[in-house]
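In the numbering used here, the protein residues as written are 1348 to 1474. Data block below; observations after.
Printed below as a string of structure tokens:
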């Protein structure tokens, strides 16, 4: 299984998040004309970890998850659930070493009349 498959499986089945967005978790570019709220994810950077013996089977991924909704409050609620879900991912999957939120922002996408809250994470994994 690759990282993005594991991420989709985890987020689309996370109870707190699925109450808000169902299984509307997409790779970016997410369909901006889809039913809001939803989220889109993209890998920003990937760093493989090496030791003197070679590749350690650990990777550090910088990930951005964009949370889209019709209201700013709803987009922030989705972002908060994404954060709670990812911060607890390591407790339910031994392939995840850690997941840390690095920050979030708020935007309004006027052309599609949606609020967007991009949330940045660093995730260490061995998928």
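For glycine and all other residues, C-beta sits at the position ideal for the given N, C-alpha and C. If you're wondering where the values come from, they're calculated on a predicted model, not measured in any experiment.
According to the DSSP assignment, residue 1474 belongs to no beta strand (DSSP E), since it is labelled neither H nor E.
Counting other Cβ atoms within 10 Å of its Cβ, residue 1387 reaches 16 or more and is therefore classed as buried. Of the candidates 1437, 1448, 1414, 1414 places its Cα closest to the Cα of residue 1379. Assigned with DSSP and collapsed to three states, residue 1360 falls in coil, not helix or strand. Residue 1471 is a Cβ neighbour of residue 1408, given a cutoff of 9 Å.
Between residue 1401 and residue 1439, the alpha-carbon positions lie close to 28 Å from each other.
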